[in-house]
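Chemist: Mapped onto mature numbering (1 follows the signal peptide of the UniProt record, and there is no 0), the consecutive letters of the sequence shown carry residue numbers -25 to -1, 1 to 516. Each residue gets a CB set at the ideal place from its N, CA and C atoms; glycine is no exception. Starting off with a structure, shown below.
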Amino acid sequence: MMLGRFSIWQKLAAILVVSVVVVQAEDPYRFYNWNITYGDISPLGVQQQGILINGQFPGPDLYSVTNDNLIINVFNNLDEPFLLSWNGVQQRKNSYQDGVYGTTCPIPPGKNFTYTLQVKDQIGSFYYFPSLAFHKAAGGYGGIRILSRPKIPVPFPDPAGDFTVLIGDWFTTDHRKLKAKLDGGHRLPFPDGIVINGHGSNGTTFTVEQGKTYRFRISNVGLQNSLNFRIQGHLMKLVEVEGTHTVQTTYESLDIHVGQSYSVLVTMDQAAKDFYMVASTRFTDKILTSTATLHYSNSNAPVSGPLPGGPTDEIDFSLNQARSIRTNLTASGPRPNPQGSYHYGLINITRTIKLVNSADQVNGKQRYAVNSVSFVPADTPLKLADYFNISGVFRVGSISDNPTGQKMYLDTSVMGADHRAFVEIVFENHESIVQSWHIDGYNFRVVGMDGGLWTPESRKQYNLNDAISRCTTQVYPKSWTAIYIGLDNVGMWNVRSEFWARQYLGQQFYLRVYNPVRSLRDEYLIPKNALLCGRAEGKSS
């Protein structure tokens, strides 16, 4: 029997071919099983309780390629709730997987949760960390690397090796005691030291071969201090910042602020010996320093000589360095089209938001705020309350677009924003410390930064051509930083200080990027395995 011009067997064969093509076209999956436990660690020579992932501190690298699907099954064997967040991985259309309490219920003790992430149209260097309580002070962090697909050209030759370097300040005090100190209304003390990949000085070694070039992905995973990183006798060529290929500028040292990630190439062009790698605090009266070892495989001498010195001035060096970091407009990003094809400088701004940080006391306890609002978590994750239309959990507009001059107060602050709006955000820092700000779910263009107060005239100095695109930016003391951001990712997204005590004590809020027409084109459905808690408990997902 014939059906039209084709037999039924021809039609079945055609369907089979189409099915095979669809299956073959699906992006790859990578599966991870992570066991979260406490264990004894001694990063600075003092034994303390740390958070381990599969028995490791730091945790294992999360390795992927653009568009990979990552299935990460996390077993919480702590005695308290736990969450992991993915610093810089954008969670396109999927804030349910963001791993912060505003979007995700904690994993109860003895239970597991499977994160389903897709690194859609992303490349670059990032890290993950525990976001609840004050777990970040106990470890539980690790590196994330997203490699380009083989057919997408990378603007430098393949390196001989690829290293993760996690630097950060560290406290030898137990994380529970630090949390209790904050809960009691007190500030954190000065850190006890600096760790590099979970070790104090001389505890970490990177082995290389003379004459070859290596990639180092450096992230500041600490709690509050900007750090300067440098390598004795070697220059660093910056090639990528948080998912963006950069103009390839060479530096003797790099200021890396809390929450930031940089990727550099280093050529082993020195004599066959060992060299110091140094991380030291910036903008502090007391300078904390830690070292690792760069070991040439044919080395005939251990590390020696004085440590390479870092910058001695307070702000100018760092500000000028930040301004020198720009997007490589000739390089492809995660897609074949050049990164520079998105002419952000020609798009009309639809809204200007000015955010001012502050520190004060509320009810006799230390608190931190944005535009006078010090964030307090609700009894239900905000994204779940939004999805299930649970009233009374939060109020859109509970934080203003501009500083109000009000005395600091407590609220569950949520700012509403329209999907596909193109927004200018100005971070204005009236304090005498460097600030660091992160926006989940997005990269943004850092178009300007300078001292003093921001005014509309400040726009005249914006870089509207090749400003760096990243997810975390610093704001210098008594200064401002301006960013442009296209709100193309529907969801409930955390905007926070990366100074973790400040974040914990209220210096954060949520940006609700909203489209009234619910569509899978703009946002995925709530995951079938979503944990439900608070007033969402018992609801059907």
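Taking just the CA atoms, how far does residue 165 sit from residue 339?
Modeler: Cα-Cα distance, rounded: 22 Å.
Chemist: Assuming residue 518 and residue 46 are in contact, meaning their beta carbons sit under 8 Å apart, how far apart are those beta carbons, in whole angstroms?
Modeler: Residue numbering for the chain in the displayed model covers -25 to 516; residue 518 lies beyond these limits and cannot be assessed.
Chemist: Taking the Cβ atom as the reference point for each residue, do residue 143 and residue 25 lie within a distance shorter than 9 Å?
Modeler: No, they are not a contact pair.
Chemist: Would you check if the distance between the CB atom of residue 522 and the CB atom of residue 321 is smaller than 9 Å?
Modeler: Since the first residue shown for the chain is -25 and the last is 516, residue 522 is missing from the structure and cannot be characterised.
Chemist: What's the call for residue 103, buried or exposed, on a 16-neighbour Cβ count within 10 Å?
Modeler: The residue in question, residue 103, is buried, as its Cβ has 16 or more Cβ neighbours within 10 Å.
Chemist: Taking residue 429 as part of the alpha helix (DSSP H), name the residues at either end of that continuous run.
Modeler: Note, residue 429: premise wrong, no alpha helix (DSSP H); not H, not E.
Chemist: Going along the chain, which residues of its own chain have a beta-carbon closer than 7 Å to the beta-carbon of residue -2, five neighbours each way excluded?
Modeler: Caution applies to residue -2, whose pLDDT of 43 falls short of 50 and renders its modelled position unreliable; the value that the coordinates give is listed next. Within the same chain, residue -2 has no close Cβ partners at all.
Chemist: How big is the Cα-Cα spacing for residue 454 and residue 8?
Modeler: Answer to the nearest angstrom: the Cα atoms are 44 Å apart.
Chemist: Candidates 409, 460, 396: which alpha carbon is nearest residue 415's?
Modeler: Here the closest residue by C-alpha is 460.
Chemist: Within 10 angstroms of its Cβ, does residue 492 collect 16 or more other Cβ (buried), or is it exposed?
Modeler: By the neighbour-count rule (16 or more Cβ atoms within 10 Å), residue 492 is not buried but exposed.
Chemist: Going by DSSP in three states, residue 150 sits in which element: helix, strand or coil?
Modeler: Residue 150: helix per DSSP, three-state reduction.
Chemist: Going by Cα to Cα distance, which pick from 132, 66, 179, 383 is closest to residue 18?
Modeler: Residue 179 is the option with its Cα nearest to residue 18.
Chemist: Starting from residue 254 and walking both ways along the beta strand (DSSP E), at which residues does that stretch end?
Modeler: Taken as a continuous stretch (DSSP letters only), the beta strand (DSSP E) holding residue 254 covers 249 to 256.
Chemist: Short check: CB of residue 198 to CB of residue 233, under 9 Å?
Modeler: Yes. Within cutoff.
Chemist: Given residue -6, which residues of its chain have a CB within under 7 Å of its CB, disregarding the five upstream and five downstream residues?
Modeler: Note that residue -6 scores a pLDDT of 33, beneath 50, so its modelled location is shaky and nothing firm can be said.
Chemist: Which stretch, first to last residue, makes up the beta strand (DSSP E) that contains residue 223?
Modeler: Neither: residue 223 is in no beta strand (DSSP E) and is coded neither H nor E.
Chemist: For residue 243, which residues does DSSP report across the bridge?
Modeler: Answer is none; residue 243 lacks a bridge partner.
Chemist: Report back the beta-carbon spacing between residue 483 and residue 472 to the nearest angstrom; my notes put them in contact at under 8 Å.
Modeler: With a Cβ gap of about 6 Å, residue 483 and residue 472 count as contacting.
Chemist: Count the C-beta pairs between the segment 90 to 109 and the segment 37 to 45 that are closer than 8 Å, then say yes if the count reaches three, no if not.
Modeler: Taking 8 Å as the limit for Cβ pairs, the verdict is that the segment 37 to 45 does touch the segment 90 to 109.
Chemist: Please determine if the segment 346 to 358 and the segment 323 to 337 are in contact, where contact requires at least 3 C-beta pairs separated by less than 8 Å.
Modeler: Yes, since at least three Cβ pairs between the segment 346 to 358 and the segment 323 to 337 fall closer than 8 Å, the two stretches touch.
Chemist: Do you know whose CA, among 456, 389, 511, lies nearest residue 470's CA?
Modeler: Of 456, 389, 511, the residue nearest in Cα terms is 389.
Chemist: Go through its chain and collect everything with a Cβ distance to residue 442's Cβ below 6 Å, but skip five positions before and after it.
Modeler: Within the same chain, residue 442 has close Cβ partners 420, 421, 422.
Chemist: Can you check DSSP and say which residues form a bridge with residue 179?
Modeler: None, per the DSSP bridge assignment.
Chemist: Since I believe residue 87 is in contact with residue 51 (beta carbons under 8 Å), could you give me their beta-carbon distance rounded to a whole number of angstroms?
Modeler: About 7 Å separates the two Cβ atoms, so the contact holds.
Chemist: What three-state label does DSSP hand residue 515 in the structure shown?
Modeler: Coil, per DSSP.
Chemist: Below 8 Å, can you find three or more Cβ-Cβ pairs linking the segment 284 to 294 to the segment 227 to 245?
Modeler: A contact exists between the segment 284 to 294 and the segment 227 to 245.
Chemist: Just to confirm the assignment: which complete alpha helix (DSSP H) runs, minimum length 4, are found wholly within the segment 263 to 351?
Modeler: With a minimum length of 4 residues, the continuous alpha helix (DSSP H) runs that stay inside the segment 263 to 351 are 291 to 299.
Chemist: Which residue's Cα is closest to the Cα of residue 479: 501, 235, 240, 155?
Modeler: Of the listed residues, the one whose Cα sits closest to residue 479 is 155.
Chemist: Mind checking who residue 96 pairs with in its DSSP beta bridge?
Modeler: DSSP output for residue 96 lists no bridge partner at all.
Chemist: In three-state terms, what does DSSP make of residue 357?
Modeler: If DSSP states are grouped into helix, strand and coil, residue 357 belongs with the helices.
Chemist: Please report how far the alpha carbon of residue 127 lies from the alpha carbon of residue 99, in whole angstroms.
Modeler: Whole-angstrom Cα-Cα distance: 13 Å.
Chemist: Flag this pair as touching only if the segment 389 to 399 and the segment 263 to 282 have three or more C-beta atom pairs under 8 Å; answer yes or no.
Modeler: No: fewer than three Cβ pairs fall under 8 Å.
Chemist: Hey, out of 139, 272, 223, 175, whose CA is closest to residue 187's CA?
Modeler: Answer by Cα proximity: 272.
Chemist: Check whether the segment 293 to 302 and the segment 216 to 227 are in contact - that is, three or more C-beta pairs closer than 8 Å.
Modeler: Counting Cβ pairs under 8 Å, three or more are found: they touch.
Chemist: Closer than 8 Å: is that where the CB of residue 362 sits relative to any heavy atom of the ligand NAD?
Modeler: For the structure depicted, the ligand NAD is absent and the ligand set is empty, with no information on it obtainable.
Chemist: With distances taken from CA atoms, which of 32, 290, 211 is nearest residue 252?
Modeler: Answer by Cα proximity: 211.
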